[in-house]
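Residue numbers (numbering that gives the first Met the number 0), protein chains in the order written: chain H, 0 to 357; chain Y, 0 to 326. Glycine included, every Cβ here is placed at the ideal spot set by N, Cα and C.
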Amino acid sequence: MEEEKKNILSEELPEETSAAEDLHGENLNDRVRVLSPGMMVAKRFFRSKLSIVGLVMLIALFLFSFVGPVFSKWADGGDPVKDTENVKEIVLPSRIDYVTEDGEKVVAYDITVEIPDWNRRGDISAEHWLGTDDSGYDLFTNLMLGGRISLTIGFVVVILEALIGVILGGIAGYFGGWVDQVIMRIVDILSCIPTIPIMLILSATLTSLGILDISRLYYMMIVLTLFGWTGIARLVRGQILSLREQEFMLAAKCSGLSTYRKIFKHLIPNVMPQLIVSMTMGLGSIILTEATLGYLGLGAPLGTPTWGAMISAASKLEYLSGYPNFWVPPGICITLAILAFNFVGDGLRDAFDPKMKR
Amino acid sequence: MLKYCIKRILLSLLILLGVSLILYVLVRLMPADYLLDKAISSVGSTGGDVQARYEELKAYYGLDGNIIQGYWDWLTKFLSGDFGTSFKYNRPVEDVIFENMGVSFGISLVALVLELIIAIPLGIKCACNQYGKLDYTVTVITMIGISFPTFFLGSIVIKIFAIDLGWFEVGGLQSNLPVGASDWTQFTDMLWHLVLPMFTLVVLSIGSWMRYTRTNTLEVLNADYIRTARAKGLSENSVVYKHVFRNTLIPLVTVLAGTLPSLFGGAMITETVFDIPGIGNIAYNAMRAGDIPFIMGYNMFIAVLTVIGILLTDIMYAVVDPRVKLA
Chain H
0 MEEEKKNILS EELPEETSAA EDLHGENLND RVRVLSPGMM VAKRFFRSKL
50 SIVGLVMLIA LFLFSFVGPV FSKWADGGDP VKDTENVKEI VLPSRIDYVT
100 EDGEKVVAYD ITVEIPDWNR RGDISAEHWL GTDDSGYDLF TNLMLGGRIS
150 LTIGFVVVIL EALIGVILGG IAGYFGGWVD QVIMRIVDIL SCIPTIPIML
200 ILSATLTSLG ILDISRLYYM MIVLTLFGWT GIARLVRGQI LSLREQEFML
250 AAKCSGLSTY RKIFKHLIPN VMPQLIVSMT MGLGSIILTE ATLGYLGLGA
300 PLGTPTWGAM ISAASKLEYL SGYPNFWVPP GICITLAILA FNFVGDGLRD
350 AFDPKMKR
Chain Y
0 MLKYCIKRIL LSLLILLGVS LILYVLVRLM PADYLLDKAI SSVGSTGGDV
50 QARYEELKAY YGLDGNIIQG YWDWLTKFLS GDFGTSFKYN RPVEDVIFEN
100 MGVSFGISLV ALVLELIIAI PLGIKCACNQ YGKLDYTVTV ITMIGISFPT
150 FFLGSIVIKI FAIDLGWFEV GGLQSNLPVG ASDWTQFTDM LWHLVLPMFT
200 LVVLSIGSWM RYTRTNTLEV LNADYIRTAR AKGLSENSVV YKHVFRNTLI
250 PLVTVLAGTL PSLFGGAMIT ETVFDIPGIG NIAYNAMRAG DIPFIMGYNM
300 FIAVLTVIGI LLTDIMYAVV DPRVKLA
């Protein structure tokens, strides 16, 4: 941090001295380069190599997921397209051992040749960079389309969590007393309930209600939000508790500002840095949850590609050993996404608060 | 202190009550397909009225009345130590939990010890050479470790070491040993099965321990008493290993108390991936089957552990560090 102070000084000082020399009729502000707090954060952020790596990874993943399918032959807008052209015969030999009347052992093979209507479990080729899945969809295109859904789920859930968390945490921290007690006890209760069992219950309920289409994902997002906002609420409450004792809040009170203004114009902006960091890290963990649920076969409806749903192939021994092209790429994408969000979150934390040690 | 503890324990009981209420309502919303299947299969052999048998089973498990009555019945039973009878395993839930806890506890404990042995020295080393080469390398590696999903790392490890190289078994806890195998052979066989799951667990959680140690060491290094120690002319070794090390352990000990649920509750995903018959795997299968008594019992067990963990963390904080006063 020492180094940085010097940097800022060295940028400002020479200009200032020259400005003092010939200031005739000129505005000082035109000559001196002032760094706004936002610019300083950006400067510190881009100084760290890891944050740049994280940011580049994120941009790459977003381009891959949202722009990539446009160039793919096997995607029609947001829907994957079946490959019905490159059909290959599937040979299913089955061995039959029997003993003839003469006592001779004979090994016979019954060979069934099946010709499916589509390119089933196609090999890696120039046309299908990662092969095709059981239903003849291109795995590489599915990976891109899956990224769309997985990343969107992450963003929607994090934004909803932040909304609920900021409002309830803000109310609890600002008003204190019994309001605080009630809200924080709810937070305690919700954070004691493990996520996976809840999602298992939800999944069973949705299946029995016959909800098997894309709306499953919406229910999933709602439940993830309902049980996930507690962390942000705790963070916001803690920050507000310490902020409201500070002088600028006393000044706000003396100016006769309304409660609404005090909370949303003076307290919340001061919580933003920590909130943004925690949301960035939260994005990674929601993508992880979605993937975990997908692996357990609880997430997206059948036929909807998400990274989680694609990696569920790894839970079957047949794919685990024989078709790594089914589950390794989505796994790498999930890991990269979480890693990128962690790197960026870490970088942002350092950038927002230079005094805070890493 | 005593007053604080009593207050916290009472609050914890309130939290547990809330947790149980939410869980019960959610569980009751779940379709009771499992009972219907059970009724059909039990009637199928003898011939009889499926509907009557279904109602009978529902009454037996206390699911026939309305939710409030059911919750009250469950709560009174739970408080007297009766967790109910599992649909799937046909035995008292508490027996199933305690019988299968051993394996999970063993794995988690060994993994935790390994994690601490590796993570604490590394964390302190990194903090002492902040922004050094070692620091950067270790930070990046641990970040990658944190970001790896459990099932993905588990699958890769199985694919490489068990399927391709054939060094380990794909899953389970025992291989087909000859009938008269000695206890020792059985034990080493089990350990051999546990190498991969433990490796996965250690790799995944070592990063967070290391980061935590590092942050705390950095904080301690800036403290006044460390400057005093240096000013006295103590050697760097004695400063780091006597003064810094001990003070770094304070927050670590408190966080250690928070690992209680993961120690006893089993690692659900890891156990499922490696097909280890621990409590996590048992619970997962029961939940998939819609085993209402088991879901309630297991989740309450986890909730109790979590609450105790949080309570212990706060109390330990005051016990270990005399500067902290609880109010």
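Q: Select from Y:I8, Y:K76 and Y:T136 the residue whose C-alpha is nearest the C-alpha of K48 (chain H).
A: For the options Y:I8, Y:K76 and Y:T136, the alpha carbon positioned closest to that of K48 (chain H) is the one of Y:T136.
Q.
At the level of alpha carbons, what is the spacing between M197 (chain Y) and V235 (chain H)?
A. Looking at the two C-alpha atoms, the distance is approximately 37 Å.
Q: Pull up the DSSP beta-bridge partners for V222 (chain H), would you.
A: Per DSSP, none; premise fails for V222 (chain H).
Q | Identified DSSP bridge partners for D290 (chain Y) | A | Its beta-bridge partners do not exist; DSSP assigns none.
Q.
Given the structure, does F44 (chain H) come close to the ligand HEM, in the sense that its CB is under 7 Å from one of the ligand's heavy atoms?
A. The ligand HEM is not part of the structure shown, which contains no ligands of any sort.
Q | CB of M143 (chain H) within 8 Å of CB of S64 (chain H), strictly | A | Taking the C-beta atoms as reference points, S64 (chain H) is found nearer than 8 Å to M143 (chain H).
Q. Would P148 (chain Y) count as contacting chain H if we go by Cβ distances under 8 Å?
A. Taking 8 Å as the CB threshold, P148 (chain Y) lines the interface with chain H.
Q. Beta carbon of S103 (chain Y), beta carbon of A285 (chain Y): below 8 Å?
A. No, the Cβ-Cβ distance between S103 (chain Y) and A285 (chain Y) is not below 8 Å.
Q | Y53 (chain Y), DSSP secondary structure in three states | A | Per DSSP, reduced to three states, the secondary structure at Y53 (chain Y) is helical.
Q) Taking Cβ-Cβ distances below 7 Å as the criterion, which residues of the segment 281-311 of chain Y are in contact with chain H? A) For the segment 281-311 of chain Y, which is checked against every Cβ of chain H, the residues closer than 7 Å are M286, R287, G289, I294, N298, I301, A302, T305 and V306.
Q) Is the segment 258-274 of chain H in contact with the segment 234-249 of chain Y, if contact means three or more CB pairs nearer than 8 Å? A) With the cut-off at 8 Å, the segment 258-274 of chain H and the segment 234-249 of chain Y do not touch.
Q.
My output table needs one value for K104 (chain H): the three-state DSSP class, helix, strand or coil.
A. K104 (chain H): strand per DSSP, three-state reduction.
**Q.** Proximity of T149 (chain Y) and T305 (chain Y) at Cβ, strictly below 8 Å
**A.** Going by C-beta atoms, T149 (chain Y) is not nearer than 8 Å to T305 (chain Y).
Q) Name the residues in the segment 290-311 of chain H whose C-beta lies less than 7 Å from a C-beta of chain B; which are they? A) Among the chains of the structure shown, chain B does not appear; the protein chains present are H and Y.
Q. Taking just the CA atoms, how far does I267 (chain H) sit from E15 (chain H)?
A. Any reading at E15 (chain H) needs caution, since the residue's pLDDT is 47, under 50, leaving its predicted position unreliable; the model's value is listed next. Between E15 (chain H) and I267 (chain H), the C-alpha separation is close to 35 Å.
Q. Candidates H:Y294, H:P272 and H:A107: which alpha carbon is nearest D349 (chain H)'s?
A. Nearest option by C-alpha distance: H:P272.
Q | CB contact check: L115 (chain Y) to chain H, cutoff 8 Å | A | Judged by the 8 Å Cβ criterion, L115 (chain Y) is not in contact with chain H.
Q) Taking all protein chains shown into account, do 16 or more other C-beta atoms lie within 10 angstroms of the C-beta of T227 (chain Y), making it buried, or fewer, making it exposed? A) By the 16-neighbour rule on beta-carbons within 10 angstroms, T227 (chain Y) is exposed.
Q.
Between which two residues does the alpha helix (DSSP H) holding M271 (chain H) run?
A. First-last of the alpha helix (DSSP H) with M271 (chain H): I267 to Y294.
Q.
Can you list, in chain order, the residues of its chain with a C-beta nearer than 6 Å to that of M198 (chain H)? Leave out the 5 residues immediately preceding and following it.
A. Non-local C-beta neighbours of M198 (chain H) in its own chain, meaning closer than 6 Å and more than five positions away in sequence, comprise L292 and L297, ordered along the chain.
Q. From the beta carbon of R233 (chain H), is the nearest beta carbon of chain Y less than 8 Å away?
A. Not one chain Y Cβ lies under 8 Å of R233 (chain H).
Q) Applying a beta-carbon distance threshold of less than 9 Å, which residues of chain H neighbour F151 (chain Y)? A) Those within 9 Å of F151 (chain Y) in chain H are A290, Y294, I310, A313, W326, V327, P329, G330, I331, I333 and T334.
Q.
Contact criterion: CB-CB distance below 8 Å. Does A251 (chain H) meet it with respect to chain Y?
A. No - not a single Cβ of chain Y is within 8 Å of the one on A251 (chain H).
Q) Got a sec? Which residues, its chain only, sit under 6 Å from G281 (chain H) by beta carbon, not counting five neighbours each side? A) A distance below 6 Å between beta-carbons, with the five flanking residues on each side excluded, links G281 (chain H) to the following residues of its chain, in chain order: V157.
Q: Can you grab the Cα-Cα spacing for the pair I285 (chain H) / S93 (chain H), in whole Å?
A: If you take the alpha carbons of I285 (chain H) and S93 (chain H), they lie about 45 Å apart.
Q) Where does E3 (chain H) sit, in a helix, a strand or coil, going by DSSP? A) Bear in mind that a pLDDT of 47 at E3 (chain H), under 50, signals an unreliable position, so the number given afterwards is only what the model happens to contain. DSSP places E3 (chain H) in helix when its eight states are reduced to three.
Q.
I want to know whether the segment 267-283 of chain Y touches the segment 212-220 of chain Y - three or more CB-CB distances under 8 Å.
A. When C-beta atoms of the segment 267-283 of chain Y are compared with those of the segment 212-220 of chain Y, fewer than three pairs fall below 8 Å, so the two segments do not count as touching.
Q) With distances taken between CB atoms, is the gap from Q238 (chain H) to V186 (chain H) smaller than 8 Å? A) No, they are not a contact pair.
**Q.** Among H:L335, H:F325 and H:N141, the one whose alpha carbon lies nearest that of I58 (chain H)
**A.** In this structure, H:L335 is the residue among H:L335, H:F325 and H:N141 with its C-alpha nearest to the C-alpha of I58 (chain H).
Q | Cut-off 6 Å between Cβ atoms - residues of its own chain near V92 (chain Y), not counting five sequence neighbours on either side | A | Residues of the same chain with a CB within less than 6 Å of the CB of V92 (chain Y), apart from the 5 flanking positions on each side, are F82, G83, S85, P292, F293 and G296 in chain order.
Q) In three-state DSSP terms, what is Y283 (chain Y)? A) Look at Y283 (chain Y) here: in three-state DSSP terms it is helix.
Q. How many angstroms separate the CA atom of V318 (chain Y) from the CA atom of M0 (chain Y)?
A. Each residue's Cα considered, the two are about 10 Å apart.
Q. What residues in its chain sit with their C-beta under 7 Å from that of E11 (chain H), if we drop five residues either side in the sequence?
A. Low confidence applies to E11 (chain H): its pLDDT is 47, below 50, so where it sits in the model is not reliable enough to give any reading.
**Q.** C-alpha distance - I281 (chain Y) paired with A107 (chain H), whole-angstrom precision
**A.** Rounded to the nearest angstrom, the two C-alpha atoms are 43 Å apart.
Q) Which residues in the same chain have their Cβ closer than 6 Å to the Cβ of R215 (chain H), if we skip the five residues on either side of it in sequence? A) Beyond the five residues adjoining it in sequence on each side, R215 (chain H) comes within less than 6 Å, by CB distance, of L205 and P300 in the same chain, given in chain order.
Q. With a CB to CB cut of under 6 Å and the five nearest residues on each side skipped, what residues in its chain are close to D212 (chain H)?
A. Answer for D212 (chain H): P300, listed in chain order.
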